[in-house]
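Note that my numbering has the sequence shown beginning at 200, numbered continuously upward.
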Amino acid sequence: MNGIVFLIVFASSVGLQFVRAQATPDTPAWRLVRASEDEQIRAVNSVLDQGMRPDLLPGISLLIFNKSSLVLPMFEKKIEEVLKSTCSPNCFSDKSVNSQRFVDAAAWVIADTGDDQALKEVAKLMDVDEKRFGNLVGVVLDRSTRNHNPFVVAYHGFAIGRPAVDRRVGAWAESKLITDPAERAREEAAARKFGAKPAPPPSDKMKRAWAEAMLDQYGYLPTEAQWARDPIVSRLSPSFAASLHNEMMQLVLEAIERRGRK
């Protein structure tokens, strides 16, 4: 099966299975989530051993997202096994598995989970081949917006202690916080053409998410010393970081006020 199609099938199966499992919690996928850890490990190993056949993935889709700390290290370990093998077909019970497509698909499953564990496993893959897997750092952070504050995940990423990961997290953060003037002008012109009010640029939402994460990180408004040492701030270009300072401090104060009202 074409690798891209393979990934689309997986993404679709996860989404559909999640909806159905919510509506009918006695499905096999939900029963696996409630099963013992030994049963869960056997189920995941079986799927990996068969090369992650698309018809088997829905059965573990919920487990991937609900027990990522258990499942994702198993995926990462299997990827390393395949990459380090001198005869990769022997890594699978089905000898027809395309090992390189398996590696790409399994790595994407890890990144697509979009949580702290996903970032840890991508960091391990980068230790093996940074060029091949480095771009998955941004995928993890992008996917984390579905269920998490991506800047919280980013801060946790710095705790992994991998300079290569740190650089990519910093680059991701800067790309999300910048508003492209030309693109913004086009969006505003299009809105005015139809008499609509332009929506705030995506970077505004990201700045608010960062403010919430910064409040979690420091417990209150960061001091000037904390701002200067902040792992995200310190990886932005100096001029851009300086331009954000006052706005971010105001957004953190607003986050404090919102939490105080709850």
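By construction, the Cβ of each residue, glycine as well, lies at the ideal position given by its N, Cα and C atoms.
Check your understanding: Are the beta-carbon atoms belonging to alanine 408 and phenylalanine 357 less than 7 Å from one another?
Key -> no
Review point. Quick one: what does DSSP say methionine 200 is sitting in, helix, strand or coil?
Key: Note on methionine 200: pLDDT 39, under 50, position unreliable in the model; the coordinate value appears next. Of the three classes helix, strand and coil, the one that applies to methionine 200 here is coil, per DSSP.
Practice item. Put alanine 222 into one of helix, strand or coil per three-state DSSP. Key: Because alanine 222 sits at a pLDDT of 48, beneath the cut-off of 50, its placement in the model cannot be relied upon, and the point is left open.
Exercise for review: Using alpha carbons as the reference points, say which of Ser438, Asn348, Gly360 and Arg460 lies closest to aspartate 415.
Suggested key: Asn348
**Study point:** Pairwise C-alpha distance: leucine 271 and arginine 434
**Key:** 28 Å
Exercise for review: Step through the CB atoms of chain B and report whether any lies within less than 7 Å of the CB of methionine 448.
Suggested key: Note that chain B does not occur in the displayed structure, where there is just one protein chain.
**Study point:** Contact between the segment 322-337 and the segment 302-310 (3+ Cβ pairs under 8 Å)
**Key:** yes
Check your understanding: Roughly how many angstroms separate the alpha carbons of serine 438 and aspartate 315, rounded to a whole number?
Key -> 30 Å
Review point. Can the beta-carbon of leucine 269 be found less than 7 Å from the beta-carbon of valine 232?
Key: no
Practice item. Would you tell me roughly how many angstroms separate the C-alpha atoms of glycine 250 and aspartate 403, rounded to the nearest one? Key: 42 Å
Review point. Which residues in the same chain have their Cβ closer than 7 Å to the Cβ of serine 292, if we skip the five residues on either side of it in sequence?
Key: Asp248 and Gln249
Check your understanding: I think leucine 450 touches leucine 376, with their Cβ atoms under 8 Å apart; what is that distance to the nearest whole Å?
Key -> Not a contact, Cβ separation roughly 11 Å.
Point to revise | Local Cβ density within 10 Å of tyrosine 319, reported as buried at 16 or more and exposed below that | key: Here residue 319 turns out to be lysine, not tyrosine, going by the sequence shown. Looking at its Cβ environment, which holds 16 or more other Cβ atoms inside 10 Å, lysine 319 is buried.
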